[in-house]
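Residues -18 to -1, 1 to 87 (mature numbering (1 follows the signal peptide of the UniProt record, and there is no 0)) are what the sequence shown spells out, left to right. Glycine included, every Cβ here is placed at the ideal spot set by N, Cα and C. Predicted model, so just to flag it, every value in this text is computed and none were measured. Heads up: the structure comes next, in structure tokens.
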Amino acid sequence: ATLLLTMLSLAGLPPLTGFLPKWLIIQELTKQNMAATATMISLLSLLSLFFYLRLAYCATITLPPHTTNHMKQWHVNYPTNTFIAILTITSITLLPISPMISTII
């Protein structure tokens, strides 16, 4: 809950402490006929609010620990396919000279 309140305060939402300085700055910019700058600040604060909310969401959504009674095998032996390995190495080796091969053929 503290992380979420801190993020929302950084974003400058109305009931929190970050709102008043942002409001006063935008109000002063509109008094000075700098509406474009005030609009840009408002839109960029919406962008920062989006990222703060995403960060708070990722921090609070956690998976519960898995309680299992059996040990999983750490290393599983899969059969290797040597034909695919040889074909991959050959094609990577011939890739730089493929334009020359295509001109010969």
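The Cβ atoms of residue -8 and residue 30 sit closer than 8 Å to each other.
For the pair residue -10 and residue -4, the Cα-to-Cα distance works out to about 8 Å. Between residue 4 and residue 27, the beta carbon gap of about 6 Å places them in contact (Cβ cut-off 8 Å). Closest in alpha carbon position to residue 33, among 10, 82 and -15, is -15. Taking a C-beta distance under 8 Å as the contact criterion, residue 43 and residue 23 do not qualify as a contact pair.
For residue 34, the enclosing alpha helix (DSSP H) begins and ends at 17 to 42. Rounded to whole angstroms, the Cβ separation of residue -12 and residue 37 is 6 Å, and the two are in contact under 8 Å. Here residue 70 carries a helix assignment [DSSP, helix/strand/coil].
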